[in-house]
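K.L.:
Pasting in a structure now, in structure tokens, and then I'll have a few things to ask.
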Amino acid sequence: MLAIYIYLKPPSLLSKEIFMATADKSGEVISVSGLRKTVRLAYIWALASATILGPWLVMAQWWYSLTGPSLSLAFAVTALLMIPVALCYSEMTSMLPYAGGSYNFIGHSFGSSISFIFMWSQAICYYAVIAFNILATIWILQYAGIIPSEEGALILAGVGFAVLYAVINFFKVELSAAIQFGLFWLLFITGLVWNGFDLFLSPKFSLAYFSDYMPNGIEGFMVAAGVMVTMYFGFETVAHMSEESKFPTKKIYLPVVGSILTAGLVYLVTLTAMAGVAPYEYLIETANVPAEIIYFVNGPTLWAQIGWVGIVLGGLACALTCVDGFWLALSRLYFALGDANLFPRFFGRLNKYRVPHIANFFVFLGVVPCIVFSGSYWIATLFVIMGLAIAVVYLGSTLSFIKLRLSHPEWKRPYKAPLGLLVGALGVFGSGFCVYWSIMAMTIDGWYLMISYILIGVVFYFAMRYHRKNKGLEVKLMPPVE
1 MLAIYIYLKP
11 PSLLSKEIFM
21 ATADKSGEVI
31 SVSGLRKTVR
41 LAYIWALASA
51 TILGPWLVMA
61 QWWYSLTGPS
71 LSLAFAVTAL
81 LMIPVALCYS
91 EMTSMLPYAG
101 GSYNFIGHSF
111 GSSISFIFMW
121 SQAICYYAVI
131 AFNILATIWI
141 LQYAGIIPSE
151 EGALILAGVG
161 FAVLYAVINF
171 FKVELSAAIQ
181 FGLFWLLFIT
191 GLVWNGFDLF
201 LSPKFSLAYF
211 SDYMPNGIEG
221 FMVAAGVMVT
231 MYFGFETVAH
241 MSEESKFPTK
251 KIYLPVVGSI
261 LTAGLVYLVT
271 LTAMAGVAPY
281 EYLIETANVP
291 AEIIYFVNGP
301 TLWAQIGWVG
311 IVLGGLACAL
321 TCVDGFWLAL
331 SRLYFALGDA
341 NLFPRFFGRL
351 NKYRVPHIAN
361 FFVFLGVVPC
371 IVFSGSYWIA
381 TLFVIMGLAI
391 AVVYLGSTLS
401 FIKLRLSHPE
411 WKRPYKAPLG
421 LLVGALGVFG
431 SGFCVYWSIM
441 AMTIDGWYLM
451 ISYILIGVVF
461 YFAMRYHRKN
471 KGLEVKLMPP
481 VE
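Going by full-length UniProt numbering, 432 is the number at position 432 of the sequence shown; the sequence numbering is gapless.
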């Protein structure tokens with residue numbers, strides 16, 4: 001308990017008031033909330049791109065079972081649906097470039113109470129994706145024979161990785177950004193080389209494998225396109241990290257939209273290539289198919305062995321970058337909610353590295369039970385929960401884009417999305433599409449988990465409202481840029 005107290009207790013000289021009133025000794029720019037503005041554009045782009053690219057090594061088998069060879073088309077459709085959403089996020093982030101991202105978008109549009117509902121949804125999404133990708137990391141290590149395959153080893157190693165990321169995110173944000181940058185290039189290169197171009201150039205590649213293009217019909221394709229929003233969310237982490245970026249906000253669209261295009265390229269190339277070298281039955285019956293397909297195509301050669309190692313390393317990089325990207329985003333969301341008085345005020349405190357250490361600690365506390373009470377049984381359930389929860393947030397954010405365009409046309413927008421209200425309407429349509437088809441794919445276990453989480457949120461919201469009333473506190477929203 002003493003260790004927890006020391007960790008949570010902030011240094012007395014590190015209040016946000018001090019940060020606002022004094023210059024950093026090293027000459028670094030400090031944001032209005034006390035965060036350090038040190039992350040460059042290239043790192044933000046790599047962070048968002050790597051956060052989007054999920055662990056296809058452990059998921060491709062299930063993905064192909066949804067819609068077969070048309071999977072790459074489903075990913076392309078989802079990317080097109082997400083681009084208007086990303087443009088809406090870009091404009092609103094340039095206008096409200098603060099930690100918490102969509103909390104301020106939705107709060108200014110529909111009020112802080114409504115925004116809390118959406119942020120509560122975003123939190124379960126981020127918890128699910130962090131836990132899912134930690135488990136994916138362990139599954140890959142078990143597949144490679146590095147960790148024993150017992151369930152106990154899965155849980156112990158998962159908790160160990162959670163501790164590791166809690167420690168990494170206690171220090172300067174540049175550490176996480178540098179790790180993300182390196183791992184992104186690892187997964188990008190290995191994926192395109194061995195699951196992409198190597199398969200396209202193989203003599204086994206044949207258009208005949210695409211003859212049964214939608215084995216589960218149009219409904220299976222639509223479900224795949226809807227739930228694959230999970231494989232594109234992550235671009236909104238740019239909004240959460242915008243207060244720590246040091247490039248002009250008018251360029252915010254570059255990492256937001258660019259991350260979707262980058263991930264879309266990887267998905268399109270790799271998923272089309274794999275579907276073109278193996279029958280549908282092989283794709284849905286082979287675990288860890290992106291790695292196994294290297295031997296299926298190349299045989300027991302040295303090139304295949306190198307490729308197998310490359311894909312395993314790329315799969316690990318995919319999972320680990322997702323963990324770190326969403327861990328960063330969730331800690332910044334909690335930091336913003338603490339600063340806004342929707343969460344206890346101590347969530348808004350910063351340590352000597354000017355990172356939200358208490359918010360980081362509570363991310364860790366929430367992730368651990370998700371790992372302990374999870375396992376391979378929950379893989380599809382966690383995936384669909386992620387999709388539904390984030391699609392709901394996207395819907396609220398795109399509606400906010402329209403509302404703010406109509407109610408506050410005078411607000412400064414360093415980046416202004418093209419096509420105006422039309423891009424907002426397209427964003428609402430894309431978000432609504434993903435909400436509907438994610439609901440269609442939800443399992444009964446998923447609904448039990450979602451309902452339980454919502455009930456906890458209701459209790460927490462009213463407890464905090466009672467606390468604010470007793471303390472005379474008001475809910476805060478950050479102002480638009482001037």
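Virtual Cβ for every residue (Gly too), placed ideally from N, Cα, C.
Treat the numbers as computed from the prediction; the structure is a model and nothing was measured.
Who are the near neighbours of F171 in its chain, counting only those whose CB is closer than 6 Å to its CB and skipping five residues on each side?
P.N.:
Start at 1 with the first residue of the sequence shown, and residue 171 comes out as number 171. Once the five neighbours on either side are set aside, the close Cβ partners of F171 are Y353.
K.L.:
What's the C-alpha gap between A50 and L66?
P.N.:
Reading the sequence shown from its first residue, position 50 is the one you call residue 50. Reading the sequence shown from its first residue, position 66 is the one you call residue 66. Using only the alpha carbons, I get a separation of about 24 Å.
K.L.:
With a Cβ-Cβ cutoff of 9 Å, do G338 and T237 count as a contact?
P.N.:
Stepping through the sequence shown from its first residue, residue 338 is reached at position 338. Stepping through the sequence shown from its first residue, residue 237 is reached at position 237. For G338 and T237, no; Cβs fall outside 9 Å.
K.L.:
Do the stretch 447-458 and the stretch 95-114 make contact, defined as three or more Cβ pairs closer than 8 Å?
P.N.:
Because the criterion of three Cβ pairs below 8 Å is not met, the stretch 447-458 and the stretch 95-114 do not touch.
K.L.:
Which residues in the same chain have their Cβ closer than 8 Å to the Cβ of K412, if we skip the five residues on either side of it in sequence?
P.N.:
What you label residue 412 is simply residue 412 of the sequence shown in a count that begins at 1. Result list for K412: M95, P480, V481, E482, in chain order.
K.L.:
State buried or exposed for L71, treating a residue as buried only when at least 16 other CB atoms are found within 10 Å of its CB.
P.N.:
Looking up residue 71 in the sequence shown gives position 71. Looking at its Cβ environment, which holds 16 or more other Cβ atoms inside 10 Å, L71 is buried.
K.L.:
Could you name the residues of the same chain whose beta carbon sits closer than 8 Å to that of A275, not counting the 5 residues immediately before and after it, in chain order?
P.N.:
Within the sequence shown, numbered from 1, the residue matching residue 275 stands at position 275. Excluding sequence neighbours, A275 sits near Y64, G68, P69, L71, S72, Y209, F210, L283.
K.L.:
Which one or two residues does DSSP pair with V39 in a beta bridge?
P.N.:
Taking the first residue of the sequence shown as position 1, residue 39 is located at position 39. S245, per the DSSP bridge assignment.
K.L.:
Measure the Cβ-Cβ separation of V269 and N195 and say whether it is below 9 Å.
P.N.:
Position 269 of the sequence shown holds residue 269. Position 195 of the sequence shown holds residue 195. Contact flag set, yes.
K.L.:
Span of the alpha helix (DSSP H) holding P84?
P.N.:
Translated into positions along the sequence shown, residue 84 becomes position 84. That run of the alpha helix (DSSP H) goes 71-95.
K.L.:
Let me check one thing: in DSSP terms, what residues is I30 bridge-paired to?
P.N.:
Residue 30 sits at position 30 when you count from the first residue of the sequence shown. In DSSP, I30 forms a bridge with R36.
K.L.:
Does the separation of the CB atoms of V428 and L395 fall below 9 Å?
P.N.:
Counted from its first residue, the sequence shown places residue 428 at position 428. Counted from its first residue, the sequence shown places residue 395 at position 395. It is a contact, given that the beta carbons lie within the stated cut-off.
K.L.:
What number of angstroms, rounded off, separates the C-alpha of M231 from the C-alpha of V435?
P.N.:
In the sequence shown, residue 231 corresponds to position 231, counting from 1. In the sequence shown, residue 435 corresponds to position 435, counting from 1. When rounded, the distance between both Cα atoms is 14 Å.
K.L.:
Verify whether the separation of the beta carbon atoms of G101 and A239 is less than 9 Å.
P.N.:
The residue you call residue 101 lines up with position 101 of the sequence shown. The residue you call residue 239 lines up with position 239 of the sequence shown. Against a cut-off of 9 Å, the Cβ pair of A239 and G101 comes out as a contact.
K.L.:
To the nearest angstrom, how far is it from the Cα of E17 to the Cα of K251?
P.N.:
Within the sequence shown, residue 17 is the residue found at index 17, counting from 1. Within the sequence shown, residue 251 is the residue found at index 251, counting from 1. Confidence is the limiting factor: at E17 the pLDDT is only 33, short of 50, which leaves the residue's position unreliable, though a coordinate-based value still follows. Each residue's alpha carbon lies about 29 Å from the other.
K.L.:
If F373 sits next to A359, beta carbons under 8 Å apart, how far is it from one beta carbon to the other, in whole angstroms?
P.N.:
Taking the sequence shown and counting its residues from 1, one reaches residue 373 at position 373. Taking the sequence shown and counting its residues from 1, one reaches residue 359 at position 359. That pair is no contact at about 23 Å.
K.L.:
Going residue by residue through the stretch 302-326, where are the continuous alpha helix (DSSP H) segments of at least 4 residues, counting only ones entirely within it?
P.N.:
Listed in chain order, nothing qualifies, since the stretch 302-326 has no complete alpha helix (DSSP H) run of 4 or more residues.
K.L.:
Out of V266, V475, P248, R36, which has the shortest C-alpha to C-alpha gap to T93?
P.N.:
Translated into positions along the sequence shown, residue 93 becomes position 93. Among V266, V475, P248, R36, the Cα nearest to that of T93 is on P248.
K.L.:
If you measure between the beta carbons of G191 and V266, is that distance less than 9 Å?
P.N.:
If you number the sequence shown from 1, residue 191 lands on position 191. If you number the sequence shown from 1, residue 266 lands on position 266. Closer than 9 Å, so yes.
K.L.:
Measuring CB to CB, does G158 end up less than 9 Å from I134?
P.N.:
In the sequence shown, residue 158 corresponds to position 158, counting from 1. In the sequence shown, residue 134 corresponds to position 134, counting from 1. Result yes, Cβ atoms of G158 and I134 sit closer than 9 Å.
K.L.:
Are W202 and A99 closer than 9 Å when you measure CB to CB?
P.N.:
The residue you call residue 202 lines up with position 202 of the sequence shown. The residue you call residue 99 lines up with position 99 of the sequence shown. The question names Trp, but residue 202 is Ser in the sequence shown. No, these two residues do not count as a Cβ contact at 9 Å.
K.L.:
Compare the Cα-Cα distances from L254 to each of K471, T38, A42 and report the closest residue.
P.N.:
Along the sequence shown, one-based indexing puts residue 254 at 254. Nearest of K471, T38, A42 to L254, Cα basis: A42.
K.L.:
In or out: P55 buried (at least 16 other Cβ within 10 Å) or exposed?
P.N.:
Against the sequence shown, residue 55 aligns to sequence position 55. Answer is buried; the Cβ neighbour count reaches 16.
K.L.:
So what's Y232 in DSSP terms, helix, strand or just coil?
P.N.:
In the sequence shown, the residue the question calls residue 232 occupies position 232. In this structure, Y232 counts as coil in the three-state DSSP scheme.
K.L.:
Distance, Cα to Cα, A177 vs V163?
P.N.:
Here residue 177 is taken as the residue at index 177 of the sequence shown, counted from 1. Here residue 163 is taken as the residue at index 163 of the sequence shown, counted from 1. If I take the Cα positions, the gap works out to 18 Å.
K.L.:
Checking 9 Å against the spacing of the C-beta atoms, do V227 and W437 come in under that value?
P.N.:
Within the sequence shown, the letter at position 227 stands for residue 227. Within the sequence shown, the letter at position 437 stands for residue 437. In this structure, W437 lies closer than 9 Å to V227 by Cβ.
K.L.:
With DSSP as the reference, label E482 as helix, strand or coil.
P.N.:
Translated into positions along the sequence shown, residue 482 becomes position 482. Looking at E482 - three-state DSSP - the assignment turns out to be coil, as it is neither helix nor strand.
K.L.:
With 16 other CB atoms within 10 Å as the buried threshold, where does N470 fall?
P.N.:
Position 470 of the sequence shown, counted from the start, is the residue given in the question as residue 470. It is exposed - the Cβ of N470 has fewer than 16 other Cβ atoms within 10 Å.
K.L.:
Pull up the distance between the alpha-carbon of F362 and that of G160, whole angstroms please.
P.N.:
As a working mapping, residue 362 is identified with position 362 in the sequence shown. As a working mapping, residue 160 is identified with position 160 in the sequence shown. If I take the Cα positions, the gap works out to 16 Å.
K.L.:
Is DSSP giving residue 487 helix, strand or coil here?
P.N.:
There is simply no residue 487 to check, as the chain begins at 1 and stops at 482 in what is shown.
K.L.:
Flag this pair as yes or no: are the beta carbons of M450 and I385 separated by less than 9 Å?
P.N.:
Indexing the sequence shown from 1 puts residue 450 at position 450. Indexing the sequence shown from 1 puts residue 385 at position 385. Closer than 9 Å, so yes.
K.L.:
Grab me the residues of S121's own chain with a C-beta within less than 6 Å of its C-beta, minus the 5 sequence neighbours each way, in chain order.
P.N.:
Taking the sequence shown and counting its residues from 1, the one referred to as residue 121 is at position 121. For S121, where only same-chain residues beyond five positions count, the Cβ hits under 6 Å are A389, V392, V393.
K.L.:
Out of L406, T137, L313, H357, which one is the CA nearest neighbour of W185?
P.N.:
The residue given as residue 185 occupies position 185 in the sequence shown. Out of L406, T137, L313, H357, L313 has the C-alpha closest to the C-alpha of W185.
K.L.:
Taking the alpha carbon of W327 as the point to measure from, which residue in A48, Y126, T78 has its own alpha carbon closest?
P.N.:
As a position in the sequence shown, residue 327 is number 327, starting the count at 1. Nearest option by C-alpha distance: Y126.
K.L.:
I'd like the list of long-range same chain contacts for F181, defined as Cβ closer than 6 Å, with 5 residues on each side in sequence excluded.
P.N.:
Walking along the sequence shown from the start, residue 181 turns up at place 181. Here the set comprises Y43, A46.
K.L.:
Report back the beta-carbon spacing between L422 and T137 to the nearest angstrom; my notes put them in contact at under 8 Å.
P.N.:
Looking up residue 422 in the sequence shown gives position 422. Looking up residue 137 in the sequence shown gives position 137. Going by Cβ atoms, the distance from L422 to T137 rounds to 41 Å, so no, they are not a contact pair.
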